[in-house]
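**Q** Got a structure here, written out as structure tokens. Questions coming.
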Amino acid sequence: MPAPYDGRLVANLILDLGDRYAVPVTQMMLLKIIYFSHGWYLARTGQPFVRQQFEAWKFGPVVKVVRDSFKDFGARPITTRAKRLNIFSNELEDINEDVRGSDLGHIEAMFRTYSKYNAWALSDMTHEHGSPWDEVWNSSEPIGRLGMRIRNEEIRSHFVARLAGGAVS
29 MPAPYDGRLV
39 ANLILDLGDR
49 YAVPVTQMML
59 LKIIYFSHGW
69 YLARTGQPFV
79 RQQFEAWKFG
89 PVVKVVRDSF
99 KDFGARPITT
109 RAKRLNIFSN
119 ELEDINEDVR
129 GSDLGHIEAM
139 FRTYSKYNAW
149 ALSDMTHEHG
159 SPWDEVWNSS
169 EPIGRLGMRI
179 RNEEIRSHFV
189 ARLAGGAVS
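Spelled out as structure tokens, the structure:
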């Protein structure tokens with residue numbers, strides 16, 4: 029199945045890569061790698077990588093369902109995987125979606141690029157002046173966005189500009 033994917037599935041795939049490469053992944057680190065994966069994918073394909081909306085939170089962009097899945101870990105490395113509620117059985121279940129091989133490659137490339145940074149460095153990267161997070165978080169105008177949502181068009185424009193400027197995706 030092509031993108032967009034459930035953010036919790038993307039999170040689980042990143043956590044699996046963390047296990048494979050023996051890189052502990054914290055909640056903040058995970059949320060930022062998901063954001064960068066989404067942004068570069070939007071820039072390259074014009075399509076979203078993650079199904080859910082990103083929101084501007086204090087320490088950077090967040091997919092709320094991912095944050096809710098791992099909030100109990102705080103700053104500790106995550107050791108479980110996200111699940112979703114089956115509304116028919118009212119039970120939590122594994123998140124199983126087919127992911128295209130090229131999209132798996134994209135996730136791995138993003139993990140290998142960004143997992144070498146600590147969570148605070150990743151947060152700082154999302155806070156750069158003029159970034160989508162900065163534009164929403166520091167807006168002086170009432171924007172009326174539920175949950176301070178960051179629009180995909182803003183994310184895409186930012187990453188397209190970074191590509192044009194020679195940034196690596």
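Heads up: the sequence shown at position 72 corresponds to 100 in the working numbering, and the numbers run straight through without jumps. Glycine included, C-beta positions come from ideal geometry on N, C-alpha and C. It should be emphasised that the depicted structure is a prediction, and the values quoted were computed from it without experimental measurement.
1. Under the assumption that MET56 contacts ALA147 (Cβ atoms under 8 Å), give the Cβ distance between them as a whole number of angstroms.
2. For PHE64, report the span of its alpha helix (DSSP H) as first-last.
3. With DSSP run on the structure shown, which of helix, strand or coil describes GLU182?
4. For LEU120, list the residues DSSP reports as bridge partners.
5. Assign THR108 to one of two classes, buried (16 or more other C-beta atoms within 10 Å of its C-beta) or exposed (fewer than that).
6. Is the stretch 59–70 touching the stretch 109–117, taking contact as three or more C-beta pairs under 8 Å?
**A** The structure says:
1. 4 Å
2. 55–73
3. helix
4. LEU113
5. exposed
6. no
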